[in-house]
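Enquirer: Chains as they are written, first to last, in my numbering: chain A, 86 to 403; chain B, 3 to 326.
Quick one: structure below, then a few questions.
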């Protein structure tokens, strides 16, 4: 049995079939941003059923995510999604919305619930309230530092999931501005948002997926895995809803190896080939998100020529 | 139904009361969704309660940041003080803080802030179950969605009538601190999280930057807008009144005092005129729209000036973490 969990996100069956999942322990199925995302698991219940089965047949944990910003009109479909998740024995559903959490808890009491990053869990008291409403795992809001996450995890006594790599969600909209360009570019919804699009201004960049906006840089915690492991974190996500199968396979492979190394007793260092792989898949660069209490697009670590907090601590102890 | 007005200063509060607001909201420094310049120190909060109550208005306290776990005891201490000063309600976001405040002060009306981003009826039921009595509707909701909420659930509904509709859902956006976040701890130990609207109130409005759109290295569009429109809901106000919403809310603690006075007066008179019309008579909105247009220009000018300042600030280097 693994002593950690590495999971990722996949939006549709086509992508699931094309992805080598050998580096992962679990998969979140579905696209949280848009109902029109191409063949979104959350709109195609037969695909969802097949997806859950496929993941379970591979010996992995099958999770079903749900929309990040569901309006009333989304709820009938989401209830059906929860029904499928329950009947197909999904290992958990992920709720980013507290209304969906409530439905899952009250109407599908056997279904474990993970609370997603858009649910805005900032405090241990908030996590405790959600635990009373059925939450079994929490992804704290992405704005929290590791210090705050550790406080939250300690105070709430709920396992936390940490995004260790990928484009960090920065916002969600009800409006897809990319649709304005369908005719001009000759590319239509639902494939439009799968183009590698970035809004940029000078040194600023964000990845746009129409109704969603994400960090332009990839959050990368490769250097800081020992810090995460030392704090007791064991569940890690590579965010890849809009990435290619190659991204999942190669970046997933790096993290599988790196987490195992971080958990071993030996000296941990980031292999050059790991750097090469994550850099190759991050055209705008790397960042640490908010984990060190800094501006989200900054990178802190030896890679930037700066000592990491973990290294500083280790040096002081020596 | 009440008209709720903002107060970023005691002067603004007086003007809002004089111009007919039924209730006013203020934010204690460091604890609400506005930068500290538009929040009030505690002595001014106490004075706010006195002025509002003397003018026949209610005073709500906005403590709607997403705080740190360790800051919650501080909030509860402050709430005890504000409750002892007779505040009429608290506007809040964090579910843990809401549950604790409700547990300690069960008689206090808790309003779920716009930052809670409550989007569907089941969401509303969740917040009701932890002690919330009124819910601020997200700016993107339709009249049908509000009507369904009103008919299905025993909850007070608040609607923003003079505000901006962001590209993203409010409370579900951290674009601003991704570009600049400054950590400053105030003398009371509150981290101000400057740059994070969810946590500290200062929003650099980076969504309003003149963005270029690239596919890989190829420039596709030299200027794309992440849509952000002002709205004033003049057309909808009669419908909202007929629907029975509980509160119409004006946003704008950062505007000038005379502008807020004029906005409050405008909506007060519009609401009163509509309610005083003879039953069954049509209500002509044309003169109200004309009157609003000059307010709108004034407001747009103030907002574009503040946006330019915020975007310029976003480019400034971040100083080392400091205690204030």
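By construction, the Cβ of each residue, glycine as well, lies at the ideal position given by its N, Cα and C atoms.
#1: Residue 218/A to residue 288/B, Cα distance in whole Å?
#2: Contact defined as beta carbons within less than 8 Å: I believe residue 163/B pairs with residue 222/B. What is the distance between those atoms, to the nearest angstrom?
#3: Roughly how many angstroms lie between the CA atoms of residue 119/B and residue 140/B, to the nearest whole one?
#4: For residue 41/B, count neighbouring Cβ atoms within 10 angstroms of its own Cβ and tell me buried if that reaches 16, exposed if not.
#5: Among 268/B, 281/B, 307/B, 54/B, which residue has its Cα nearest to the Cα of residue 291/B?
#6: For residue 35/A, which option in 363/A, 221/A, 142/A, 141/A has the closest C-alpha, if you only look at C-alpha atoms?
#7: For the stretch 209-242 of chain A, list every residue whose C-beta sits within 8 Å of some C-beta in chain B, in sequence order.
#8: Can you grab the Cα-Cα spacing for the pair residue 232/B / residue 140/A, in whole Å?
#9: Does the Cβ of residue 8/B have 16 or more other Cβ atoms within 10 Å, making it buried, or fewer, making it exposed?
#10: Counting contacts by CB-CB distance shorter than 9 Å, is residue 32/A in contact with chain B?
#11: Could you name the residues of the stretch 114-142 of chain B whose beta carbon sits closer than 7 Å to any beta carbon of chain A, in the order they occur along the chain?
#12: Just the chain B side, please: which residues come within less than 9 Å of residue 266/A by C-beta, in chain order?
#13: Could you check whether residue 188/A and residue 206/A sit closer than 9 Å to each other, using their CB atoms as the reference points?
#14: Please list, in chain order, the chain A residues whose beta carbon lies closer than 8 Å to that of residue 147/B.
#15: Determine whether the beta carbon atoms of residue 121/B and residue 155/A lie at a separation below 9 Å.
#16: Mind checking residue 218/B: buried by the 16 CB within 10 Å criterion, or exposed?
#17: So is residue 86/A buried or exposed if we call it buried at 16+ other beta carbons inside 10 Å?
#18: Does DSSP put residue 308/B in a helix, in a strand, or in coil?
#19: Rounded to whole angstroms, what's the CA-CA distance from residue 113/B to residue 138/B? Just pull it up for me.
#20: From this set, 160/A, 142/A, 244/A, which residue's C-alpha is nearest residue 173/A's C-alpha?
#21: Going along the stretch 153-185 of chain A in order, which residues come within less than 9 Å of chain B, judged by CB to CB distance?
#22: Chain A beta carbons: is any one of them nearer than 9 Å to that of residue 318/B?
#23: Checking the sheet assignment: what are the DSSP bridge partners for residue 93/A?
#24: With 7 Å as the C-beta to C-beta threshold (strictly closer), list the residues of the stretch 296-314 of chain A near chain B in chain order.
#25: Hey, which unbroken runs of the alpha helix (DSSP H) at 4 residues or more fall wholly within the stretch 141-177 of chain B?
#26: At 9 Å on the CB atoms, spell out the chain B contacts of residue 380/A, in chain order.
#27: Hey, is the stretch 145-162 of chain A in contact with the stretch 90-109 of chain B, meaning 3+ C-beta pairs nearer than 8 Å?
#28: Is it true that the CB of residue 90/A sits closer than 9 Å to the CB of residue 320/A?
#29: Can you give the beta carbon distance from residue 241/A to residue 216/A, rounded, assuming they're within the 8 Å contact cut?
#30: Any idea if residue 271/A is buried or exposed, counting beta-carbon neighbours within 10 angstroms, 16 or more meaning buried?
#31: Please confirm if residue 256/A has its CB atom under 9 Å from at least one CB of chain B.
Expert: In brief:
#1: Counted from its first residue, the first chain places residue 218/A at position 133. Counted from its first residue, the second chain places residue 288/B at position 286. Roughly 49 Å between the two C-alpha positions.
#2: As a position in the second chain, residue 163/B is number 161, starting the count at 1. As a position in the second chain, residue 222/B is number 220, starting the count at 1. Their Cβ separation, rounded to whole angstroms, is 37 Å, which puts residue 163/B and residue 222/B out of contact at 8 Å.
#3: Here residue 119/B refers to the residue found at position 117 when the second chain is read from its first residue. Here residue 140/B refers to the residue found at position 138 when the second chain is read from its first residue. Approximately 6 Å, taken between the alpha carbons.
#4: For the purposes of this step, residue 41/B is taken as residue 39 along the second chain, with counting starting at 1. Under this definition residue 41/B is a buried residue.
#5: One-based indexing of the second chain puts residue 291/B at position 289. Residue 291/B has its Cα closest to that of 268/B, out of 268/B, 281/B, 307/B, 54/B.
#6: Any question about residue 35/A goes unanswered here, given that chain A covers just 86 to 403.
#7: 209, 210, 211, 212, 213, 214, 215, 218, 226, 227, 228, 233, 236, 237, 240
#8: On the second chain, position 230 is the one that residue 232/B refers to. On the first chain, position 55 is the one that residue 140/A refers to. Whole-angstrom Cα-Cα distance: 46 Å.
#9: For this step, residue 8/B is matched to residue 6 along the second chain. That one is buried.
#10: Given that chain A is displayed from residue 86 to residue 403, the structure contains no residue 32/A and the question cannot be resolved.
#11: 121, 122, 123, 124, 125, 127, 128, 132, 142
#12: Within the first chain, the letter at position 181 stands for residue 266/A. Here the neighbours are 215, 222, 223, 226.
#13: Locating residue 206/A in the first chain gives position 121, where the first residue counts as 1. Locating residue 188/A in the first chain gives position 103, where the first residue counts as 1. No, the Cβ-Cβ distance between residue 206/A and residue 188/A is not below 9 Å.
#14: Reading the second chain from its first residue, position 145 is the one you call residue 147/B. The contacting residues are 156, 157.
#15: Counting from one through the second chain, the residue named residue 121/B turns up at place 119. Counting from one through the first chain, the residue named residue 155/A turns up at place 70. Yes, these two residues count as a Cβ contact at 9 Å.
#16: Position 216 of the second chain holds residue 218/B. The residue is exposed, with fewer than 16 neighbouring Cβ atoms inside 10 Å.
#17: The residue you call residue 86/A lines up with position 1 of the first chain. Note on residue 86/A: pLDDT 49, under 50, position unreliable in the model; the coordinate value appears next. Residue 86/A should be labelled exposed.
#18: Taking the second chain and counting its residues from 1, the one referred to as residue 308/B is at position 306. Helix.
#19: Start at 1 with the first residue of the second chain, and residue 113/B comes out as number 111. Start at 1 with the first residue of the second chain, and residue 138/B comes out as number 136. Those two C-alpha atoms are separated by around 7 Å.
#20: One-based indexing of the first chain puts residue 173/A at position 88. Checked all of 160/A, 142/A, 244/A; the closest Cα to residue 173/A is 142/A.
#21: Within the stretch 153-185 of chain A, contact with chain B at the beta-carbon level (separation under 9 Å) is assigned to 153, 154, 155, 156, 157, 158, 159, 160, 181, 182, 183, 184, 185.
#22: As a working note, residue 318/B is residue 316 in the second chain. No, its Cβ sits nowhere closer than 9 Å to a Cβ of chain A.
#23: Position 8 of the first chain holds residue 93/A. In the DSSP assignment, residue 93/A forms a beta bridge with 112/A, 323/A.
#24: 298, 300
#25: 145-154
#26: Here the question's residue 380/A lines up with position 295 in the first chain. The answer, in chain order, is 179, 180, 181, 182, 183, 184, 197, 320.
#27: Touching, no.
#28: Taking the first residue of the first chain as 1, we reach residue 320/A at position 235. Taking the first residue of the first chain as 1, we reach residue 90/A at position 5. Taking 9 Å as the Cβ cut-off, residue 320/A and residue 90/A qualify as a contacting pair.
#29: Taking the first chain and counting its residues from 1, the one referred to as residue 241/A is at position 156. Taking the first chain and counting its residues from 1, the one referred to as residue 216/A is at position 131. With 8 Å as the limit, residue 241/A and residue 216/A qualify as a contact, their Cβ atoms being about 7 Å apart.
#30: Translated into the one-based positions of the first chain, residue 271/A becomes position 186. By the 10 Å Cβ count, residue 271/A comes out exposed.
#31: The residue given as residue 256/A occupies position 171 in the first chain. Answer yes: the Cβ-Cβ gap between residue 256/A and chain B drops below 9 Å somewhere.
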